[in-house]
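Residue numbers (the UniProt record's numbering): 1 to 276.
Below is one structure; the comments refer to it alone.
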């Protein structure tokens, strides 16, 4: 069961979609909700420091602190209105340090909720979402920046490719899937008549958890975007949320998101539960 939820609090917005969604999710599960509010520090390279007036830096620090306090107040109001036990944790740090700290915090929560980055409003959400997904070791629920509905799980689409990240996402999504009336295992295949022994195995596994699922195969030609196929299926089925693995490619000193994961993050229209 989901008993402990963490949410990153947005700043500079009138409505924090992830915060409101997390409050409704916590209410549905009777869970405790913790919000992290960050007063972002000014991260300026040393060779630029002399070119910036001291009063500009001081004003920016005060502005960021005020934004963090406003985010905390908005969270407290949302959690109180939802009737869930809650607490706010505060942090003053650069974006990089804050993202890593948030990922470490997430390791001791059942589920972490973050906002989808808004392409029309650049902010820290992209770094926060990617870092917690790749580094926390736990499931992450990403809420679209256009989300208006509270938590609902009546229809779920599980994008299954048999990979390790997909397996972790499915396991961590079980509490949500138990709230669903319809669960679809979505399989991307090369040909529609291609034999699929994996999909039925997933159905059998879920049936042993008391879940009834069906398999849908969709042929995707070479070069056709898989992310688009997943999102089209979500729209066609009227799904409330998606479950899928979050993929990354290793570099020398970092992990970067794979193409499908990044495309889903950029174009998703319903909440997506991912795990890496």
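By construction, the Cβ of each residue, glycine as well, lies at the ideal position given by its N, Cα and C atoms.
Q. Under a three-way DSSP split, which group does residue 5 fall into?
A. As a working note, residue 5 is residue 5 in the chain shown. Of the three classes helix, strand and coil, the one that applies to residue 5 here is strand, per DSSP.
**Q.** Status (buried if at least 16 other CB within 10 Å, exposed otherwise) for residue 8
**A.** In the chain shown, residue 8 corresponds to position 8, counting from 1. Buried, by the Cβ-count rule.
Q | Cβ shell of residue 109 (< 6 Å), same chain only, five flanking positions each side left out | A | If you number the chain shown from 1, residue 109 lands on position 109. So the list reads 4, 6, once near-sequence residues are dropped.
Q. Is the region 75 to 84 touching the region 16 to 23 in the sense that three or more CB pairs, one from each, lie closer than 8 Å?
A. The region 16 to 23 is in contact with the region 75 to 84.
**Q.** Entirely enclosed alpha helix (DSSP H) segments - the UniProt domain "UspA" (155 to 275), minimum 4 residues
**A.** 164 to 177, 198 to 207, 226 to 237, 259 to 267
Q | Beta-carbon spacing of residue 163, residue 240 below 7 Å | A | Counting from one through the chain shown, the residue named residue 163 turns up at place 163. Counting from one through the chain shown, the residue named residue 240 turns up at place 240. No, Cβ-Cβ distance for residue 163 and residue 240 is not below 7 Å.
Q: Under 8 Å Cβ to Cβ from residue 269, same chain only, skipping five residues before and after it: list those, please.
A: For the purposes of this step, residue 269 is taken as the residue at position 269 of the chain shown. Cβ-Cβ distances below 8 Å link residue 269 to 144, 146, 231, 234, 235 in the same chain, with the five nearest sequence neighbours on each side left out; the list follows chain order.
Q. How close, in whole Å, do the beta carbons of residue 190 and residue 150 come, if the pair is a contact with beta carbons under 8 Å?
A. Along the chain shown, read from residue 1 onward, the residue named residue 190 stands at position 190. Along the chain shown, read from residue 1 onward, the residue named residue 150 stands at position 150. At roughly 39 Å, the Cβ-Cβ gap does not stay under 8 Å, so residue 190 and residue 150 are not in contact.
**Q.** Pair within 7 Å by beta-carbon distance, residue 88 and residue 37
**A.** Numbered from 1 along the chain shown, position 88 holds the residue referred to as residue 88. Numbered from 1 along the chain shown, position 37 holds the residue referred to as residue 37. In contact: residue 88 and residue 37 (Cβ atoms closer than 7 Å).
Q.
Within 10 Å of its beta-carbon, does residue 1 have 16 or more other beta-carbons around it, so buried, or fewer, so exposed?
A. On the chain shown, position 1 is the one that residue 1 refers to. Under this definition residue 1 is an exposed residue.
Q) What residue does the alpha helix (DSSP H) around residue 104 start on, and which one ends it? A) Locating residue 104 in the chain shown gives position 104, where the first residue counts as 1. It spans 95 to 106 - the alpha helix (DSSP H) in which residue 104 sits, taken as one unbroken run.
Q: Closer than 6 Å by C-beta to residue 90: which residues in its own chain qualify, once you throw out the five before and the five after it? Chain order, please.
A: One-based indexing of the chain shown puts residue 90 at position 90. The beta carbon of residue 90 sits closer than 6 Å to the beta carbons of 37 from its chain, once the five residues preceding and following it are set aside; these are given in chain order.
Q: Please classify residue 254: is it buried, with 16 or more other beta-carbons within 10 angstroms of its beta-carbon, or exposed?
A: As a working note, residue 254 is residue 254 in the chain shown. A caution first: residue 254 carries a pLDDT of 41, below 50, which makes its placement in the model too unreliable to give a value.
Q: Mind checking who residue 127 pairs with in its DSSP beta bridge?
A: Position 127 of the chain shown, counting from 1, holds the residue named residue 127. For residue 127, which the question treats as bridged, DSSP gives no partner whatsoever.
Q.
Tell me which residue opens and which closes the beta strand (DSSP E) that residue 37 is part of.
A. As a working mapping, residue 37 is identified with position 37 in the chain shown. Unbroken beta strand (DSSP E) run through residue 37: 32 to 40.
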